[in-house]
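So the structure is just underneath, and the comments pick up after that.
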Amino acid sequence: SVTTMEGMFYGASNFNQDLNSWCVTNIPAQPTDFATNSALTPANEPNWGSCITEISGILNHDTVWTKSNSPYIITDNFIINQNVKLTIEPGVTVSIYSGKTIQVLGSLYAVGLLTDSIYFIDFDSTAPFKAIEFGDSSEDVVMINGTYSSGNILKFTNIIGGGVGANGSVNFASSTAYISNSAVTNSNSSGIYLYKNTSHVGSSKFITIDSSKVLNNGVIEGEGIVQKNGLRDGKWIIYYKSGEVLSKGN
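Numbering-wise, the numbering used here puts 318 at position 103 of the sequence shown, and it's gapless, one number per residue.
Here you go:
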């Protein structure tokens, strides 16, 4: 919430504390005389205007990713551990290094807004990420009377790229989620790949893809429930490689 920092460390000749963790979103560039005649090195300066948060390894506690700390850069494979929930707020961008994976063994709650979506993108568009993978132990979605109650959810999200060395940009292995008002585009394999998922309407063991689009190599393969989804070139591009899919209103 800080809006002015002029002259804060002016003349502090012995000061060189690491301020790199400071995220100063309201000040786009270093203020006048912020550290003039001080010992503060550029590497220890705050992040002005926007922050980059680098992520890798295993998440072992419930965590919220905020817009103010966006973008989140996945520099190496990242695992959401069992019984752990990652919440991603509207407006967050998650940028993923080439060939790297977000693996969900716990729960992913990524719910944006119509006017402020969540983005999962390639860090380098010429070197796509591998996949967002939901493992067998991840928290299956629970729908009550057709309404989301708990579990994995992607709503108002845009997943762009990915799919290198994987069956899809988003993969479900004996796991389920609710996907709503979202888009998967420019995948280098399938958009969404469902493996060993069981579609039982009225239970928690199914995939629901609702009011979403899967475009540009974005076929859906596997088992699940697909309803009210998008078109490309006037044709439905939902492709079921194997298993049972309940298709409603497409």
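Idealized CB from N, CA, C, for every residue including glycine.
The model shown is predicted, which means the values in this text are computed figures rather than measured ones.
Any idea which residues DSSP pairs residue i with across the strands?
i                 : result
aspartate 233     : According to DSSP, aspartate 233 bridges with nothing at all.
serine 310        : Ile288 and Ile336
phenylalanine 349 : Val319 and Phe387
serine 342        : Residue 342 is actually alanine in this sequence, not serine. Note: alanine 342 sits in a beta bridge opposite Asp339.
Would residue i and residue j be called neighbours here (beta carbons separated by less than 9 Å)?
i              : j                 : result
glycine 350    : valine 299        : no
isoleucine 368 : glycine 406       : no
isoleucine 498 : valine 309        : One cannot answer for residue 498 here, as it falls past the ends of the chain, which runs 216 to 465.
isoleucine 289 : isoleucine 333    : no
valine 307     : lysine 370        : no
threonine 247  : glutamate 269     : no
isoleucine 347 : leucine 323       : yes
asparagine 296 : serine 271        : no
glycine 376    : phenylalanine 344 : yes
threonine 372  : isoleucine 394    : yes
isoleucine 311 : phenylalanine 338 : yes
Here's the rule: buried if 16 or more other CB atoms are within 10 angstroms of the residue's CB, otherwise exposed. What is residue i?
i              : result
serine 287     : The sequence given here places tyrosine at residue 287; serine does not occur at that position. Tyrosine 287 comes out buried.
serine 313     : exposed
alanine 244    : exposed
asparagine 386 : buried
alanine 398    : buried
tyrosine 341   : Per the sequence shown, the amino acid found at residue 341 is threonine instead of tyrosine. Under this definition threonine 341 is an exposed residue.
isoleucine 294 : buried
In its own chain, which residues sit with a C-beta less than 7 Å from the C-beta of residue i, not counting the 5 before and 5 after it?
i              : result
asparagine 231 : Ala254, Leu255, Thr256 and Asn259
histidine 276  : Val299
Leaving out five residues on either side along the sequence, give the residues of the same chain with a beta carbon under 6 Å from the beta carbon of residue i.
i              : result
glycine 366    : Glu354, Asp355, Val356 and Val357
aspartate 233  : Asn259
tryptophan 280 : Tyr287, Ile303 and Val307
lysine 282     : Glu304, Gly306 and Val307
serine 285     : Val307 and Thr308
threonine 251  : Tyr225
Can you find the residues in the same chain that come closer than 8 Å, C-beta to C-beta, to residue i, ignoring five residues on each side of it along the sequence?
i              : result
tryptophan 263 : Val239, Ile242, Pro243, Ala244 and Gln245
serine 404     : Gly378, Val379, Ala381, Asn382, Gly383, Ser384 and Asn432
With a cut-off of 9 Å, does the C-beta of residue i fall near any C-beta of chain C?
i             : result
threonine 290 : Of the chains in the structure shown, none is chain C; there is only one protein chain.
**Contiguous beta strand (DSSP E) assignments of at least 3 residues, all confined to the stretch 245 to 299** = 268 to 274, 278 to 280 and 287 to 295
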